[in-house]
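Going down the list, the sequences are from chains B and Y.
For the record, in the first sequence the residue sitting at position 299 is 299 according to this note's numbering, with numbers rising by one throughout.
For the record, in the second sequence the residue sitting at position 388 is 388 according to this note's numbering, with numbers rising by one throughout.
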Amino acid sequence: MPDTQALVSEFVLKLKRRKVEGSHATARQTAELLRSVISQQRIPHTNQAAHLIEAVKVVGEQLISANPVELAVGNIVRRVLHIIREEDLSLATTAVGALGLSADSDDDDDAERDDRTLLSATAVAAASRSTLRAPALHTLLEDIPDSAAAPHTPSSGGESEGKSKSADKSGRSRKLKHDVIEAINELLEDIDTCHEQIAEQAVEHIHQNEVILTLGRSRTVMEFLCAAKEKKRSFRVFVAEGAPRYQGHVLAKELVARGLQTTVIADSAVFAMISRVNMVIVGAHAIMANGGVIAPVGLNMVALAAKRHAVPFVVVAGSHKLCPLYPHNPEVLLNDLRSPSELLDFGEFSDCMDYGIGSGAPLHVVNPAFDYVPPKLVSLFITDTGGHNPSYMYRLIADYYSADDFVVQRRTALGS
Amino acid sequence: MAQKKGVRVSEDADELSHVPLQAVLLADSFAQKFRPITMERPKVLLPLVNIPMIDYSLAWLESAGVEEVFVFCCAHSKQIIDYLDKSEWLSYPKFSVNTIESHDSVSAGDALRLVYERNVIHGDFVLISGDTVSNMSLTQALQDHKDRKKKDSNAIMTMVIKKSKPSSLTHQTRLGNDELVMAIDPNTKELLYYEDKVDSADGVVTLDKGFLLDNPALKVHNDKEDCYIDICSPEVLSLFTDNFDYQHLRRHFVKGLLVDDIMGYKIFTHEIHSSYAARVDNFRSYDTISKDIIQRWTYPLVPDIQFSGNLPIKLERQGVYKGSDLQLSRSAQLGPFTLVGSGTSIGDSCKISNSVIGEGCSIGSNVSIEGSYIWDHVTIQDGCQLNHALVCDGVVIKSGAVLEPGVVLSYKVVVGPQFPVPAYAKVSLLPQPTNEDSDDELEYADSGSGILDITSLNSTLEVPNAELSRSSDSAEVGVSEVGYIWSVCEGGHEEEWRHSVAPVPANKIAELRKDPVEPDTPKLEVLPAAGTRPDDETSDSDNDPATDDPCDFDKEVEATFLRAVHEGVDQDHVIIEVNSLRLSYNMASLDCAGAIFWSVMKLALETPHDTKGELLNNAVSVITTWRDLLRHYLQSIDEEIEIIMKFEEMCLESAKDFAPMFATVCNIKS
Chain B
1 MPDTQALVSE FVLKLKRRKV EGSHATARQT AELLRSVISQ QRIPHTNQAA
51 HLIEAVKVVG EQLISANPVE LAVGNIVRRV LHIIREEDLS LATTAVGALG
101 LSADSDDDDD AERDDRTLLS ATAVAAASRS TLRAPALHTL LEDIPDSAAA
151 PHTPSSGGES EGKSKSADKS GRSRKLKHDV IEAINELLED IDTCHEQIAE
201 QAVEHIHQNE VILTLGRSRT VMEFLCAAKE KKRSFRVFVA EGAPRYQGHV
251 LAKELVARGL QTTVIADSAV FAMISRVNMV IVGAHAIMAN GGVIAPVGLN
301 MVALAAKRHA VPFVVVAGSH KLCPLYPHNP EVLLNDLRSP SELLDFGEFS
351 DCMDYGIGSG APLHVVNPAF DYVPPKLVSL FITDTGGHNP SYMYRLIADY
401 YSADDFVVQR RTALGS
Chain Y
1 MAQKKGVRVS EDADELSHVP LQAVLLADSF AQKFRPITME RPKVLLPLVN
51 IPMIDYSLAW LESAGVEEVF VFCCAHSKQI IDYLDKSEWL SYPKFSVNTI
101 ESHDSVSAGD ALRLVYERNV IHGDFVLISG DTVSNMSLTQ ALQDHKDRKK
151 KDSNAIMTMV IKKSKPSSLT HQTRLGNDEL VMAIDPNTKE LLYYEDKVDS
201 ADGVVTLDKG FLLDNPALKV HNDKEDCYID ICSPEVLSLF TDNFDYQHLR
251 RHFVKGLLVD DIMGYKIFTH EIHSSYAARV DNFRSYDTIS KDIIQRWTYP
301 LVPDIQFSGN LPIKLERQGV YKGSDLQLSR SAQLGPFTLV GSGTSIGDSC
351 KISNSVIGEG CSIGSNVSIE GSYIWDHVTI QDGCQLNHAL VCDGVVIKSG
401 AVLEPGVVLS YKVVVGPQFP VPAYAKVSLL PQPTNEDSDD ELEYADSGSG
451 ILDITSLNST LEVPNAELSR SSDSAEVGVS EVGYIWSVCE GGHEEEWRHS
501 VAPVPANKIA ELRKDPVEPD TPKLEVLPAA GTRPDDETSD SDNDPATDDP
551 CDFDKEVEAT FLRAVHEGVD QDHVIIEVNS LRLSYNMASL DCAGAIFWSV
601 MKLALETPHD TKGELLNNAV SVITTWRDLL RHYLQSIDEE IEIIMKFEEM
651 CLESAKDFAP MFATVCNIKS
């Protein structure tokens, strides 16, 4: 597939050049890319899910290694893998169920998919057995008349009635692909609407006449605050400017344009102001499995200040920022050290960096992009599924990811 | 109305028709600053923090939105083409890399003329050399260039500059170049003056007064760095073709355009602030830029981001970069800002700091490496000390050897045990070419031709193999201790410290400090004579006789005259000869009269004489003999006055003897 390969390499290049910025955009583009990879993937008749998983993993490896710091890439790859597994499982269970039970249970396929976690152990075991022994599955499928496959593909359901068994098989493969793509579309929709979903909860958290502090700029935070404003809540916002990129300035502009009472403060003034603040609301770069947060630089300081003054520290983030890895995993690169030019002007300081003259100690500049905020400093996470305690994160992650996929990255390390 | 519409449409079509942005990358520096390394490998393939320089340039061009790159290869062109074939650059979508091969180009000018002949450039293009490291965005610069071009079709080039202060001590920039002085119009950003060879001795820059007449405002900078990134219009190529003597981009082309005012073409500047751009020009800038990369000024072109097919490298605390599969001894100390490539093993109690170590090296125990650059597959045995050295691929340094600051070891050199390599030594397997023609700026076209010279040079110039090893009686001599120490080239040892990887030695700094403190900014001196060109502004004054000393003319005339006297040449012929001299020296006929009279009197003076009367007689006879000749030039009273003045001058200065007979001689003439 030269098409997808070109797409993949183009996206890899964008990631490498750091041209895609922000986890939202990255997540969206990754999901779109994986969707096109899957839709163009030719699937053999046997063991389709494994093939899809393999194809996604190959692409995923490239994407993750292209920008290991952007954890959203890995998150989306893992979620797509999870989706494939789930869809395959649900198909298999339907088949098994159809075999074991009477034909009339097929209709509520959708309900069954949603209740996949409630599947009985026997059904799962049977499904896994059937996926392991693919020919057996085929014999099973051949045995079942079209009634089993028909409800899954309503469009082709009528036609497949009189077709041979090969058409039947391709129907099933198309079915898997179709379901997976449908699910990825849902995921994309989730990513797109996560801001609104989160913002809907704003009124529950922001009360009249409160003072909110935030640092830097996060679109989620902006929508969250604006949603509260739209619901006629009146409150004040302190925006710490978020050196060295000063995204706080941008946020302040946007907030003022929407009519919020906004005050810009320096990052270093956070501790001085925190006693007047009722709640800290910030965005995140990624949320780790232990409830720790990888956030724009400066937030650890804010979190510590909030802890000291017992101010709630609330992190708002879409579910695509949930990362199934722990911050102590070796493959998690916690930080991105960016160019010192964001901090100071090269021309002004060039004489401090004359290595020819400098007596051994020229000027060093360190510009990390992220902070790690440990879970104990976080009061609440607000994701598109509602508010959660940091200690609940592992549970959310179990919903979104399957444990088999956590190690996509380790393969990369071995492969290269 | 309809017409208007039509115009609008065509304009839109013009904007819409997508012209791919092109770039010309000169993969040859046409200089010898990286010798002896460049005798075996082209400069653009030398690793800079373990990644070939050309990859930085290509990665930058790719991310800046350039779609078509023409790589011009000359020296070692085959190696470059092979490298590009194997690299992933050819496989990128929307980015095509083409090579233009040449074997006889000796300068950037030749290269651009060849590019012009190939007729591949169709619009504005970016001109860089293959050793440029940058992360700047071209969008703004390109837009400015296009806007200016629309307004004024003579704006053919935009030069990227960057603020960077030169050192006040050594009068050189961080990159080891000489101090650069530019005059820029602060409003239009037009470049008015460019001088990269500022005479640091007196710190004087001379500007033509005409600059102040023509330009309402003018800013003279010495804190700008030339990034050697140019956005050019296609006219630049044709200009190079028209002026076939242009060789160097800056020295000839830019200065030529500024000084000679060819067709009113103009050069503008674009200053970048937050982004990085620099060019690896010499060992000093190699060191500086490597350190800038490690300090991440070039982000995202940094080692831990795989921007070209490089192996993954992880950044750890204090700027330590580590590749995969490292064998690091527990007691080895990796100091700050060090990079160790994949597959390298480092032995016990090594101390490494501020250095770059390549892939697959093996380093023994108790080795200390400070500020050095070690390329791939180097073996360093126990107890060596490397201090600000550059060590190429495949070098073996045997136990206990010491590399003093500024040493360069070229490919596969073997340094014997306990051997101290002297400071600033350059060691290569290839001998230094003897007939070093300073005009011939070609890097060795083929490594093959270099090898041919070995036999002829072996005994004469170079230090023979054995001398590299102290233990000359050991069996290994001639087998393993190999390499020639190159004798220090043109600049002499005094200048070596300027361009080497080692920092300026302390005694040099002290020496420079002792010097009377000069003002940091060069003094401005405006010449009163706007018409005549100040001497130091013309770079190629050597063959321009107009600026030559007028006394040369007098001598020539005298020689002509004497020839006439001794060989009996006819007077008419003398007149013709003197006239031609007058034309070639661009003198007035007044000067001729003066010069001839001077020669006449000199002849009189030189004729043997005893008394003053005899001298007078001599003078009278000579003058009467050559009266016609003199009269030819004495057309008006002005010339006669000139003659008398000249005579007076002679009497005062050279020929005291004439003094008493001034009046007499004056009478004779009239």
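Glycine is no exception: its CB is placed at the ideal position from the N, C-alpha and C atoms.
Continuous alpha helix (DSSP H) stretch holding residue i: start and end
i                 : result
Asp-628 (chain Y) : 627 to 633
Phe-597 (chain Y) : 589 to 606
Trp-60 (chain Y)  : 53 to 63
Gly-210 (chain Y) : 209 to 214
His-573 (chain Y) : 571 to 585
Ala-25 (chain B)  : 23 to 40
Alpha-carbon spacing of residue i relative to residue j, whole angstroms
i                 : j                 : result
Gly-483 (chain Y) : Ala-401 (chain Y) : 15 Å
Glu-54 (chain B)  : Val-378 (chain B) : 37 Å
Gly-358 (chain Y) : Tyr-193 (chain Y) : 42 Å
Gly-109 (chain Y) : Trp-497 (chain Y) : 30 Å
Ile-623 (chain Y) : Leu-562 (chain Y) : 14 Å
Lys-255 (chain Y) : Ile-262 (chain Y) : 11 Å
Thr-193 (chain B) : Val-293 (chain B) : 22 Å
Val-311 (chain B) : Glu-316 (chain Y) : 34 Å
Leu-215 (chain B) : Tyr-372 (chain B) : 15 Å
Asn-75 (chain B)  : Gln-40 (chain B)  : 22 Å
Val-19 (chain Y)  : Glu-68 (chain Y)  : 10 Å
Ser-107 (chain Y) : Leu-81 (chain B)  : 56 Å
Val-477 (chain Y) : Gln-418 (chain Y) : Note on Val-477 (chain Y): pLDDT 32, under 50, position unreliable in the model; the coordinate value appears next. If I take the Cα positions, the gap works out to 14 Å.
Ala-252 (chain B) : Leu-225 (chain B) : 12 Å
Ile-398 (chain Y) : Pro-422 (chain Y) : Note that residue 398 (chain Y) is Lys in the sequence shown, not Ile. Approximately 16 Å, taken between the alpha carbons.
Residue interval of the beta strand (DSSP E) (run including residue i)
i                 : result
Val-314 (chain B) : 313 to 316
Asp-230 (chain Y) : 224 to 232
Thr-214 (chain B) : 211 to 215
Gly-347 (chain B) : Counting along the chain, Gly-347 (chain B) falls outside any beta strand (DSSP E), though it belongs to the alpha helix (DSSP H) covering 346 to 349.
Gln-261 (chain B) : 261 to 265
Gly-386 (chain B) : 386 to 388
Val-373 (chain B) : 370 to 373
Val-237 (chain B) : 236 to 240
Cross-strand partners of residue i (DSSP beta bridge)
i                 : result
Asn-329 (chain B) : Asn-329 (chain B) pairs with nothing; no bridge assigned.
Cys-73 (chain Y)  : Y:Glu-101
Lys-266 (chain Y) : Y:Ala-155
Thr-132 (chain Y) : Y:Arg-279
Glu-68 (chain Y)  : Y:Gln-22 and Y:Ser-96
Lys-219 (chain Y) : Y:Ile-184
Asp-178 (chain Y) : Y:Gln-172
Ile-397 (chain Y) : Y:Ile-380 and Y:Val-415
Contact check, residue i vs residue j, beta carbons under 8 Å
i                 : j                 : result
Pro-324 (chain B) : Tyr-401 (chain B) : yes
Ser-342 (chain Y) : Ser-353 (chain Y) : no
Tyr-228 (chain Y) : Arg-279 (chain Y) : yes
Asp-348 (chain Y) : Ser-329 (chain Y) : yes
Val-126 (chain Y) : Leu-138 (chain Y) : yes
Arg-174 (chain Y) : Ser-500 (chain Y) : no
Val-44 (chain Y)  : Ile-54 (chain Y)  : yes
Met-601 (chain Y) : Phe-647 (chain Y) : yes
Ile-128 (chain Y) : Leu-114 (chain Y) : no
Ile-294 (chain Y) : Val-49 (chain Y)  : yes
Ala-49 (chain B)  : Asp-88 (chain B)  : yes
Asp-351 (chain B) : Lys-165 (chain Y) : yes
Pro-362 (chain B) : Leu-337 (chain B) : no
- [ ] Return the chain-ordered ranges of every beta strand (DSSP E) run that is complete within the region 309 to 394 of chain Y and spans a minimum of 3 residues.
- [x] 313 to 316, 320 to 323, 338 to 340, 351 to 353, 368 to 370 and 385 to 387
Task: 3 or more residues per run - each beta strand (DSSP E) lying fully within the region 272 to 310 of chain Y - done: 277 to 279
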